[in-house]
Amino acid sequence: MKVLLSIVSCPRRRKLLSRLKEFEATLSISPRDPTALEGAAVTLAELGEYARSASLLDDLTKVKPSDADVFRLLGEVKYGLKDYEGSVAAYKSSAKVSKDIQLEVLRGLTNSLLAAKKPEEAVQLLLTYRKDLSSENLSKSSNSNPSDSQKLDPVQVELLLGKAYSDWGHVSDAVAVYDQLISTYPNDFRGYLAKGIILKENKNIGDAERMFIQARFFAPDKAKALVDRYSR
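Under this note's numbering, read the sequence shown as residues 1 to 232, first letter to last.
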């Protein structure tokens with residue numbers, strides 16, 4: 001559940017405040033009630049009150065220390081507070097207590113590391129998960145009854161890796177990641193789009209336009225507007 005909202009309409013705000021009162025009433029009687037703690041924390045985050053939300057989520061991690069989703073929510077809220085180190089720590093805790101890291105957690109951790117000016121750590125993290133995915137795929141190919149444990153889309157991992165390299169200033173490495181992505185998944189528009197964006201950012205307009213044309217060709221109808229937005 002995404003909890004960070006920038007604008008809350010008046011009717012929506014009234015509804016959230018009413019809900020918050022209910023949670024706070026429960027907490028006044030039972031301060032460690034996990035449902036009320038999480039409900040109040042999420043509601044406060046939706047209202048933009050990240051500091052109060054983070055405080056409740058910190059309390060909730062002590063009540064539910066093995067709940068990966070609670071740490072993920074804390075990572076989101078800490079990011080909203082621009083406490084990037086705190087966000088990194090929360091996302092790492094989420095990954096640690098989870099059997100399989102979710103893409104949302106990996107993306108959040110990557111973005112927090114980049115915001116904390118730690119692109120090298122972000123790259124190393126993603127290279128580790130890329131290696132793990134490769135090993136898992138090899139294992140599954142030799143198993144007639146593979147489990148359904150893989151939670152990460154390998155294309156998304158590559159896109160995050162390219163972004164991390166780019167933030168680090170290693171543009172050629174980012175382009176190499178996208179080239180490999182296009183080679184491995186030639187019918188997936190995302191590799192072409194990512195390469196087009198980085199080429200455009202680096203003033204290589206002609207090659208960027210060719211990538212955008214390819215991206216639009218392979219993009220599903222619902223994604224063509226996204227390609228058009230970046231190609232303008």
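All residues carry an ideal CB built from backbone N, CA and C; glycine is no exception. A quick note: this is a predicted structure, and the numbers were derived from the prediction, not measured.
For E121, which residues from the same chain have a beta carbon less than 6 Å from its beta carbon, with the 5 sequence-adjacent residues on both sides left out? Walking along the sequence shown from the start, residue 121 turns up at place 121. Sequence-distant partners of E121 (beyond 5 residues in either direction) whose C-beta falls short of 6 Å from its own C-beta, in its chain, are L113.
Spatial distance of F218 from F189 (CA atoms): By one-based count along the sequence shown, residue 218 stands at place 218. By one-based count along the sequence shown, residue 189 stands at place 189. Roughly 5 Å separates the two Cα atoms.
Beta strand (DSSP E) segments (min. 3 residues) lying fully within the stretch 40-93: As for any beta strand (DSSP E) of minimum length 3 sitting wholly inside the stretch 40-93, there is none.
For A164, collect the residues of the same chain with a Cβ closer than 7 Å to its Cβ; drop the 5 residues on either side in sequence, then sort them by chain order. Within the sequence shown, residue 164 is the residue found at index 164, counting from 1. Around A164: T110, L114, P119, A122, V123 and L126.
Contacting residues, own chain, Cβ-Cβ under 6 Å from I160 (five flanking each side not counted): One-based indexing of the sequence shown puts residue 160 at position 160. In the sequence under discussion, the amino acid at residue 160 is Leu, which differs from the Ile named in the question. T110 and L126, listed in sequence order.
Residue from K82, S98, Y129 and V105 whose Cα sits closest to the Cα of Y236: In the structure displayed, the chain extends from 1 to 232; residue 236 sits before or after that span and is not available.
By how many angstroms is the C-alpha of V97 removed from the C-alpha of S6? Residue numbering aside, residue 6 sits at position 6 when the sequence shown is read from its first letter. Residue numbering aside, residue 97 sits at position 97 when the sequence shown is read from its first letter. Residue placement at S6 is poorly supported in this model, since its pLDDT is 47, which falls under 50; the coordinates are not used for a value here.
Can you tell me whether K195 is buried or exposed, with buried defined as 16 or more other CB within 10 angstroms of its CB? Numbered from its first residue, the sequence shown carries residue 195 at position 195. Classification for K195: buried.
Selection from A40, V77 and R216 that minimises the alpha carbon distance to P186: Reading the sequence shown from its first residue, position 186 is the one you call residue 186. When each option's Cα is compared against that of P186, the closest is R216.
Thinking C-alpha only, which one of T61, S183, G162 and E85 is nearest D173? As a working mapping, residue 173 is identified with position 173 in the sequence shown. When each option's Cα is compared against that of D173, the closest is G162.
Give me the Cα-Cα distance between S53 and Q214, rounded to the nearest whole angstrom. Reading the sequence shown from its first residue, position 53 is the one you call residue 53. Reading the sequence shown from its first residue, position 214 is the one you call residue 214. Each residue's alpha carbon lies about 44 Å from the other.
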